Amino acid sequence: MFKLFSSLRKELLLLINDKVGLALMFLMPLLLVFIITIIQDSAYKMVNENQIPLLVVNHDQGKEGEKLVGLLKGSGLFKIDSQNSIQQQSLRSELLSRGKMIALFIPATFSAGLESNAEDVSSILMDDLGLEHDKTGREKVSMPKLSFYNDPVLQENYSYSVMSVIQSYMSVIENSLMIDRMYANMDIAERSAKLKDKLISNRVGIDQIVARNNNSTAIPNSTQHNVPAWTIFAMFFMVVSLGSNIVKERVNGSFLRLKTMPTTFMVVMLSKMAIYVVVAALQVALTFSMGVWILPQLGLPKLSVPDNIIATIAVIFISSMAAVSYALMIGAFAKTEQQANGFGAISIIIFGAIGGILVPTFVMPGFMQFFSNFSPLHWCLEGFYVLFLKGGSWQDLRAVFAFLGIFIVLCQLGTYFKLRLERII
Amino acid sequence: MGMAGQVCIEIRDVYKRYKSAREDSLSAVSLDIIQSDVFGLLGPNGAGKTTLISILCGIIPVSSGSVRFLHNGISYSDHERKSRIGFVPQEYAFYQELTPRQNLDYFGAMYNLSKNRLRERREHLLEVLGLAKAADEKVGTFSGGMKRRLNLAIGIIHEPEILFLDEPTVGVDVQSRNAIIRYLQRINQSGTTIIYTSHHMSEAEEFCKNIALIDHGKVIAAGGLQGLKTAHGAGDLQTLFIDLTGEAYRD
């Protein structure tokens, strides 16, 4: 027991003395979570949040433009930023400079054009029904056009969806105007409300059902991607500290010296693994605390901690074991500290890129989504996704544990055989 | 401790060939090492000294032949051997990021020393090897001599019966070398058997009682230092060494 305690103490002291390693393992994830969450927040909001930020410039001289803006606001789908003083010519640059991705321009003749069209429709109906109506003094105004601006990075289908929503509200306004005009021409304007209500409000509804495993209310947002993603990235970056630590002990003869002592090498390896699993748990505690308490203070989404605590602990443990095992293997194979640091860091960046840490896998092309299965970071992230976004049942975590389990065994075997070849074990 | 004059290590017909090597690193090596001896393994670079020490310490296995560790004529197990031997390698085999106290605490615990015994030995060695003042400073900042002394302290913290030293004074100043040799002589007088390699012939001549000269993996001469010098008509160990191994470069 004293041996194990001394070995743990030695590993802890080595870790405390490794200032660069500590900075990489603890400061880096905090900075990355902080910066990348802020950067990606608007993009995630665009995709995930109920309210779409929309810049509206209403130059309409009548009241229908205001009505359209009111309907869009009332829908709850849009977060409207009304900037009526902006000229249409400068709208493109204003859109980009204000950090919005879509804008709607309502022209000056919007109301006049709609009313003119409603009058035409009403006239046709009155004529067809053989009813008399006032045909004089009406100024003909052509049908207006709304202008829709969008950032070029926005996906085309997303723009079409927003335009369809605007079109549906336009239908409401146009139908309402036509009914009003027809009833007015028939001198029964006060009775139009009932028909309008029937035609406009009472339409086929759509029930939206989200396919989740249980009653989890978590929805994907920038925090829920970035907090676990960069924590995993930092966990695997322990390769710089642990990997070079092993290379040093191999190269300077400490391992060989231990071989001449009445101790087992298992004590050394277990101590290393235990200390670095604790490091990984601390990394999770630190970044998750940031997600729960700090990010909401900056107006970013709060991290909702999963309900299944046992599954969460299991995911953290297997992820940290995967990171530790990878670092041990790199440390066993690298000939120099520089090799361990260089190859270790670059391999983690590549694993991170293909594993969906930098960019979520769901936006990757199909073949890259296939390759992401070969990244241990992908499976660690998948574990956290199951916890955060899908309710986290053990059933869903089975694939995560299977892949990471295989990865851990392969890394441990690789380490064992390499150290055995060098006669350290 | 066993009685002086008894064989404590019996090496018989040992061969060692590394994988992918074309020649044996050790060939038909047979030696007896006597209890409480200071035994010098001497030879040019690449002669096979470190290979032999590595075999004796259990770091690498023999290709053929046998090595027996004996106590009162009875051989003991590999596991027991690990408790009875101390090893001071050529490299600084410790943690440069830690202090001498922390290094000694760690390696002492690996030798199964109790907490109290470890503290006692640690403080004693720090004092006698002149490391007490720097005991809580990181080893990375130390001079070569201080590092050598710490390397030695780690190898003897558990008071081994047999101590293997692979060039323990290489690259150190006269003062450090003197301190190391004086301390080794002290522990030898108290019964520790010392097996030692060095390139310093004058140091070996002063320190060793018996020697084995190894060249190309073979023992070319072995026995009492004085007897060998007389038998080969050499005035000193360096002359004997050159006479037997030649003047050609070996690296």
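Protein sequences, first through last, are from chains A and B.
Reading the first sequence from the start, the letters are residues 111 to 535 in our numbering.
Reading the second sequence from the start, the letters are residues 61 to 311 in our numbering.
No residue lacks a Cβ here, since even glycine has one placed at the ideal position from N, Cα and C.
Only a predicted model underlies this, so the values are computations on that prediction, with no experimental measurement involved.
Kindly list, in the order they appear in chain A, the residues whose Cβ is closer than 7 angstroms to that of residue i.
i: N172/B; result: P372
i: D165/B; result: S116
Does DSSP classify residue i as helix, strand or coil?
i: G441/A; result: helix
i: S503/A; result: coil
i: E70/B; result: strand
i: K308/A; result: helix
i: P475/A; result: coil
i: L410/A; result: coil
i: T253/B; result: strand
i: P163/A; result: strand
i: A282/B; result: strand
i: F258/A; result: strand
i: K289/B; result: helix
i: I190/A; result: strand
i: A107/B; result: coil
i: F147/B; result: strand
i: S485/A; result: coil
i: I399/A; result: First, the amino acid is wrong: residue 399/A is Ser here, not Ile. Three-state result, S399/A: helix.
i: N323/A; result: Any reading at N323/A must be qualified, since the residue scores a pLDDT of 46, below 50, and its modelled position is unreliable; no value is offered.
i: S195/A; result: coil
i: H131/B; result: strand
i: L206/A; result: helix
Over what stretch of residues does the beta strand (DSSP E) that includes residue i continue unbroken?
i: R144/B; result: Looking at the DSSP string, R144/B is not in any beta strand (DSSP E); the run it does join, the alpha helix (DSSP H), is D138 to R144.
i: Y270/A; result: Careful: Y270/A lies outside any beta strand (DSSP E), inside the alpha helix (DSSP H) at E266 to N295.
i: A272/B; result: N270 to D275
i: P416/A; result: Note, P416/A: premise wrong, no beta strand (DSSP E); not H, not E.
i: V332/A; result: According to the sequence as given, residue 332/A is Ser; it is not Val. Per DSSP, S332/A belongs to no beta strand (DSSP E); it is in the alpha helix (DSSP H), S332 to F346.
i: I216/A; result: I212 to I216
i: L102/B; result: V98 to L102
i: S226/A; result: No beta strand (DSSP E) contains S226/A, which is instead part of the alpha helix (DSSP H) from F220 to L239.
i: L91/B; result: L86 to I94
i: L223/B; result: I222 to D226
Which two residues bound the contiguous alpha helix (DSSP H) that contains residue i?
i: A239/B; result: V234 to Q249
i: V122/B; result: Looking at the DSSP string, V122/B is not in any alpha helix (DSSP H), and its letter there is neither H nor E.
i: I214/B; result: G204 to I216
i: P160/B; result: P160 to M170
i: R313/A; result: From DSSP, R313/A is part of no alpha helix (DSSP H); its letter is neither H nor E.
Chain B partners of residue i, CB-CB under 9 angstroms?
i: K113/A; result: A169, M170 and N172
i: K210/A; result: Per Cβ cutoff of 9 angstroms: no residues; K210/A is ~52 angstroms from chain B at best.
i: L132/A; result: In chain order: nothing, as chain B lies at least about 12 angstroms away.
Could you work out which residue in the options is closest to residue i when comparing CA atoms only?
i: I516/A; options: L438/A, E121/A, W489/A and F494/A; result: W489/A
i: Q393/A; options: L368/A, K369/A and M345/A; result: M345/A
i: K173/A; options: P139/A, G223/A and D151/A; result: G223/A
i: Q235/B; options: L225/B, S174/B, I120/B and R208/B; result: R208/B
i: I289/A; options: M236/A, T341/A and P262/A; result: M236/A
i: G78/B; options: I71/B, L86/B and S258/B; result: The sequence as given places Tyr at residue 78/B; Gly does not occur at that position. Of the listed residues, the one whose Cα sits closest to Y78/B is L86/B.
i: L142/A; options: L187/A, S207/A, H335/A and V314/A; result: H335/A
i: N238/B; options: M206/B, F154/B, C117/B and E219/B; result: M206/B
i: G106/B; options: R128/B, L91/B and E83/B; result: E83/B
i: A213/B; options: F147/B, T299/B and V89/B; result: F147/B
i: N194/A; options: I276/A, V402/A, D170/A and G315/A; result: D170/A
i: P220/B; options: F99/B, S203/B, D233/B and T253/B; result: T253/B
i: N483/A; options: T373/A, W504/A, A509/A and L287/A; result: A509/A
i: P254/A; options: S200/A, F188/A, H243/A and G175/A; result: G175/A
i: S257/A; options: L239/A, E242/A and I276/A; result: I276/A
i: P372/A; options: G215/B, V188/B, T201/B and I255/B; result: G215/B
i: I148/A; options: E204/A, A390/A and P406/A; result: P406/A
Only counting the same chain, and skipping five residues up and downstream in sequence, which positions put a Cβ closer than 7 angstroms to that of residue i?
i: T159/B; result: A195, D196, E197, K198 and V199
i: I385/A; result: L118, E121, L122 and L125
i: D92/B; result: V67 and E70
i: Y293/A; result: A299, R301 and S302
Counting only Cβ pairs nearer than 8 angstroms, list the residues of chain A close to residue i.
i: S124/B; result: The premise fails here: S124/B is roughly 17 angstroms from chain A at the closest Cβ pair, so nothing lies under 8 angstroms.
i: G118/B; result: K369 and T370
i: I145/B; result: T370
Cβ closer than 8 angstroms: which chain B residues qualify as neighbours of residue i?
i: S364/A; result: A153, F154 and Y155
i: L499/A; result: Ordered by position in chain B, no residue passes the 8 angstroms Cβ test against L499/A, which lies about 42 angstroms from the chain.
Just to make sure I have the definition right: I need the residues of chain B whose C-beta is within less than 7 angstroms of the C-beta of residue i. Which are they?
i: R533/A; result: I119 and I120
Whose C-beta lies closer than 8 angstroms to the C-beta of residue i among residues of the same chain, with five residues either side of it excluded?
i: V179/A; result: V166, N168, I190, S192 and I216
i: M280/A; result: L178 and L256
i: Y243/B; result: V188, L189 and L212
Sorted by chain position, which residues of the same chain lie with C-beta nearer than 6 angstroms to residue i's C-beta, five sequence neighbours on each side aside?
i: S85/A; result: Nothing in the structure corresponds to residue 85/A, since chain A is present only between 111 and 535.
i: L396/A; result: none
Name the chain A residues that come within less than 9 angstroms of residue i, Cβ to Cβ?
i: Y75/B; result: The premise fails here: Y75/B is roughly 17 angstroms from chain A at the closest Cβ pair, so nothing lies under 9 angstroms.
The ligand SAH heavy atoms versus the CB of residue i: any closer than 6 angstroms?
i: S257/A; result: As presented, the structure is devoid of all ligands, the ligand SAH included, so that no description of it is given.
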